[in-house]
Amino acid sequence: TVDLLVLNDYTYSHRLNVAILSVVMGAALKLDTRSLRELAIAALILDIGKVFINKTIVNKPQRLTVQEFQEMKMHSERGYQYLRRYNRLSTLIMRGVLEHHEKFNGDGYPNGLSGDNISIYSRIICVADVYDALTSDRPYRGALIPSEAFEYIMGGYNTQYDPDIGKVFIQKVAPYPVGTVVVLSNG
-10 TVDLLVLNDY
0 TYSHRLNVAI
10 LSVVMGAALK
20 LDTRSLRELA
30 IAALILDIGK
40 VFINKTIVNK
50 PQRLTVQEFQ
60 EMKMHSERGY
70 QYLRRYNRLS
80 TLIMRGVLEH
90 HEKFNGDGYP
100 NGLSGDNISI
110 YSRIICVADV
120 YDALTSDRPY
130 RGALIPSEAF
140 EYIMGGYNTQ
150 YDPDIGKVFI
160 QKVAPYPVGT
170 VVVLSNG
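Sequential numbering from -10 applies to the sequence shown in my numbering.
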């Protein structure tokens, strides 16, 4: 049997964080309750296709080689194909899984979609996924502080990310949580 629920602790917490961030953005975008529920489901299962990727690649503690990265990029398509075959989820949920690595300018994968051709769930999940990945410790690099991750996302408006969703993200997710000590540039 394939363990579709948990690959490792990072994957579990990553999916949960992405779901929470996605729902926060979806609510700010005024998605209805049913859509928010579907968005959360899509975010929770976004990496389901990784169960079909060689575990030495998924759990590799260093950066992936070009060939390993090509294999890893197959997870969204494999997850989508699995869901299409064995589940009765909405098309938008399945597209959220398939398209969460598509980029607003068409440079993403697996299909090179751009702009509004990428589902709304996918455009939301993309921002949440990148933010959580950047602010998490990975075996091959340390976590960025939230403000650095915000700058990265802001730098990707109109290229990697839908600018409207990026703006909602910046408005709704605090780069400096309550209790954070901040030293301003003027001291």
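All C-beta atoms, glycine included, are put in the ideal place defined by N, C-alpha and C.
Apply the 10 Å Cβ neighbour rule to ASP(-8) and answer buried if 16 or more other Cβ atoms are within range, or exposed otherwise. For ASP(-8), the predicted structure reports a pLDDT of 44, less than 50, and the residue's modelled location is therefore unreliable. A value from the coordinates is still provided. Exposed.
For LEU33, which of LEU133, TYR69, HIS3 has the nearest alpha-carbon? HIS3
Buried/exposed call for VAL171, threshold 16 Cβ in 10 Å: exposed
Just to confirm before moving on: does the CB-CB distance between ILE30 and ILE82 stay below 8 Å? With contacts defined as CB atoms closer than 8 Å, ILE30 and ILE82 qualify as a contacting pair.
Am I right that LEU35 and ASP118 are in contact with their C-beta atoms under 8 Å? What's the rounded C-beta distance? 7 Å
At least three beta-carbon pairs within less than 8 Å, the stretch 84 to 99 to the stretch 138 to 156: Contact holds: three or more Cβ-Cβ distances are below 8 Å.
On the DSSP bridge list, what partners appear for TYR146? TYR150
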